[in-house]
Structures are given as structure tokens and as C-alpha cells.
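Q:
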Amino acid sequence: MKKILLLSLIALGTLTVKAATIGSTNKLTMVADTGDTPLTISGSVDAYYKYDFAKSSQIGTSFASDHNSFSIGMVDIALKKTTGKTSFVGEVSFGPRGQQQSIPAGAAGDSYHIQNLYVNFAATDELTFTMGYMGTFIGYEVISPAANFNYSTSYLFTNGPFQNAGFKATYAFSPKVSLMAGIFNDGWNAYTSGGKVDNFGAQLFVSPVDGWNAYLNVITGYSAGTEFDLTTAYQITDAFKLGLNAADYKLPSYAGKGGFSGIALYPQLGVSKSVTLGLRGEYFKAKATTTAYSSIAPGTSVTALTATANIKSGNLTIIPEFRLDNGSATSFLNKSGMPTKKASQALLAVVYSF
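Just so we're aligned, residue -4 is where the sequence shown starts under my numbering, counting upward by one.
Here it is, written out as C-alpha cells:
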């Protein structure tokens, strides 16, 4: 699935949700002659160079899959507008990062992809209804590189949902507590269902203290299985932020036993106004199963450490990154083509947000 967390103000109520949309504070505003509230246009473009030390792509997570290549990510454009009690979000991307990915990453070709297309109705200051195709509420990371700190993505993100189509209601008990519940199509990452609407999803948002947000999430259904997810981030000081994502997924009963579980920790330290250093430490395990599901073999695990810097100059973010994955089994190949437990890569990415 998957955001760092986007906090959205929906209509007049304070409603906190996660969405795979752009987090830029710079907007191009177009005001209609009718005097309606402004239409905001935001987005990003990104490109990268990656070198895999095995001389071929080894790490099976989403995006940035090209080895020894200057490659594109995507151009992402989001439209937002509020009129009275109603609002909409429409977001489309062009390029390989924007396209929903198969496993292993990069198996699909370049394309456009709708990231978000939904309508909100604020029935009261506390209650909001949403219907359409939405960035998933599951997970810490999102598709947009402008909304992530790391440029490469986690195994938890790759193996969870990216988007969910459906209908949901969110009730804000206070600015610090809200509850979402909804029904969604039978499959993840698809505009239409396969003939069923059998997924149920819910999210409890709490903010125990200023700067600390936590999301308890679940999505479950006969067709797609069940995932429980905890996503939280705490801005402990002005310079230090700590995030965490933990999840457990169980395959649907007809697909056999198995799924995955994992945890990822995200410490980040701002060393100046323009430079932030961060780590992502992740442990991910593919449960033993009769059906291959994740990007690593059933019954194996991977421990991954990613060191990333964000260097900002205006709307531009430069992202140098080094990643080392270590598997419990020979999940990778070395530069001679022989099985190995380790894989490493370095990349340099640029992301421009507008």
C-alpha cells in the first residue's frame, strides 16, 4: 500500500485521513468567474539514477527498478476544489512510477494511471461521506515521491494495497479522534470490481499529544484477504521525527494459508533548514503458503536498511540513498548470477513539487 501522512481538512470539520496525494504547499490557484472557492492544482515530477551492485535489479519492491540508468518516475497532477459542503479530488499520473506495479517491480510498462478520483460530502461539521477511487488508508508510504521521505519503497508498501474503490464515512469526535468505516470493491488497485463489493475497511485516528498521530487500520474481505495495520509518526522535537509501520496480512481462505507480516521504523533528523537525514529499518516475512504472493519466497524473511538524505532547494528535493537488504534465504543473485542472501543499491533522485 502505500504514505509521509497527508492530513486533509474536509469541508468545515477537521477530518484526518491518509491519501496518496501530493503534500506540496505550493499551489497554482485558478478562481472561476462565479466566485466559487479556488481550484488548486498541485503535483510533482521526478527522475532518478540507480546502480545495483549486483549489476542487475535485485530488490523486488515498487518503482526505481532500472539498473545503471537515468530513468523517469512520473509526472503527477492533482486537482482539488471545495464548493459549499462538497469537494472533489482528481489525481492522475504519467510514467512508470504512477502505474500500479506488479511483482516483481517493473514488470509492467509505462502508462497513465488514476491515483485518486473521489467526491466528499460534509453532512455535518463532524460527519463526511466519500465515494470513488481513493489512495489506500493502509500503510505509511504512498505512491507519490513528494509525500515520501525515502525514494525507494518498503516491502510493506509493495505488498499492501495502493488504492481502494468504495464508499466510506468518517466521523470526527474531536480534532484528536476520528473513526472511518467503509465498504470497498473485492479487489485492490482496480477502478471496478470483479463483480463483488465484499471488502470492509476501518480506520481509527488518534492524536494523543501534539505532534503525534496514530492510525489503526483494517481491511478485510473474502476476495482479498485481511490486513491489519498500524501507522504512527511522532514529531518528538523540532529536529527529530520518529515513524513506525507494522502490518499483518492473511491470504483469503480459498488461496491457501499464508500472507506476510512486518515492521518498519523511520527515524529522521533535521540537521539544517535544508537537509534532513533519515533511516528506514524494515523486517518483512512472507508466511509459508501454498500460493506465492510476496516479492520474496514463501517462508523467508528480509531485513532491509535504507539510509536517505533529503536536500531541499525551494521546490526541488535531491535524494541520495543507499540500501542494503539481507535475506534469510538466497533471495537474490550476485553479479556472477549466483544465489546470495544480500543485495545492495545506491541511487540519486530529484523530485520537484509544485
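Yeah, the Cβ is synthetic: ideal placement off N, Cα and C, and Gly gets one too.
Values in this document were obtained by computation on a predicted structure and should not be read as measured data.
List, from N- to C-terminal side, the beta strand (DSSP E) runs of 3 residues or more that fit wholly inside the region 55 to 101.
A: 64 to 78, 81 to 89
Q: Between which two residues does the beta strand (DSSP E) carrying residue 271 extend?
A: 270 to 281
Q: For residue 319, which three-state DSSP category applies?
A: Here residue 319 sits in strand by DSSP.
Q: Which residues does DSSP pair with residue 300 in a beta bridge?
A: 276, 319
Q: Candidates 248, 144, 150, 157: which alpha carbon is nearest residue 129's?
A: 157
Q: Between residue 279 and residue 253, how many whole angstroms is the CB-CB distance? I'm expecting something under 8 Å.
A: Actually they do not touch by this definition, with Cβ atoms about 14 Å apart.
Q: Counting only the same chain and skipping the five closest in sequence on each side, list residues whose C-beta sits under 7 Å from that of residue 346.
A: 39, 41, 140, 141, 312, 314
Q: Taking its Cβ as the centre, do 16 or more other Cβ atoms sit within 10 Å of residue 204, making it buried, or is it exposed?
A: exposed
Q: Throw me the rounded Cβ distance for the residue 303 and residue 326 pair, which I believe falls under 8 Å.
A: Between the beta-carbon of residue 303 and that of residue 326 there is about 22 Å, and that puts the pair past the 8 Å contact cut.
Q: DSSP three-state label for residue 124, please.
A: Reduced to three states, the DSSP call for residue 124 is strand.
Q: Is the number of C-beta pairs between the region 186 to 195 and the region 78 to 94 that are closer than 8 Å three or more?
A: no
Q: Taking one C-beta from the region 104 to 121 and one from the region 75 to 86 each time, how about it: are there three or more such pairs within less than 8 Å?
A: Yes: the two stretches touch, three or more of their Cβ pairs being nearer than 8 Å.
Q: Measuring straight from C-alpha to C-alpha, what distance separates residue 183 and residue 246?
A: Annotation: residue 183 to residue 246 spans about 13 Å, alpha carbon to alpha carbon.
Q: DSSP has residue 314 in a bridge; who is on the other side?
A: 344
Q: Here's the rule: buried if 16 or more other CB atoms are within 10 angstroms of the residue's CB, otherwise exposed. What is residue 297?
A: buried
Q: Can you name, in chain order, every residue of its own chain whose Cβ lies under 6 Å from the Cβ of residue 330, other than the five neighbours on each side?
A: 49, 50
Q: For the alpha helix (DSSP H) that residue 46 lies in, which residues bound it at each end?
A: Unbroken run through residue 46 is the beta strand (DSSP E), 34 to 47; no alpha helix (DSSP H).
Q: Below 8 Å CB to CB, which residues in the same chain sit around residue 230 once its five sequence neighbours on both sides are set aside?
A: The beta carbon of residue 230 lies closer than 8 Å to those of 206, 207, 236 in the same chain, with the five residues before and after it left out.
Q: Reducing DSSP to helix, strand and coil, say where residue 151 ends up.
A: Here DSSP, grouped into helix, strand and coil, assigns residue 151 to helix.
Q: Find out if the Cβ-Cβ distance for the pair residue 242, residue 155 is shorter than 8 Å.
A: yes
Q: Which residues in the same chain as residue 52 place their Cβ atom closer than 6 Å to its Cβ, once the five residues preceding and following it in sequence are excluded?
A: 60, 62
Q: Considering residue 169, what are the terminal residues of the beta strand (DSSP E) in which it resides?
A: Under the DSSP assignment, residue 169 falls in the beta strand (DSSP E) whose first and last residues are 158 to 169.
Q: Counting C-beta neighbours from all protein chains within 10 Å, is the total for residue 249 16 or more, i.e. buried, or is it exposed?
A: Its Cβ having fewer than 16 others within 10 Å, residue 249 is exposed.
Q: Take the Cβ of residue 137 as the centre, count every other Cβ of all protein chains shown within 10 Å, and call the residue buried at 16 or more, exposed below.
A: buried
Q: Would you mind reading off the limits of the beta strand (DSSP E) that contains residue 176?
A: Its beta strand (DSSP E) spans residues 172 to 179.
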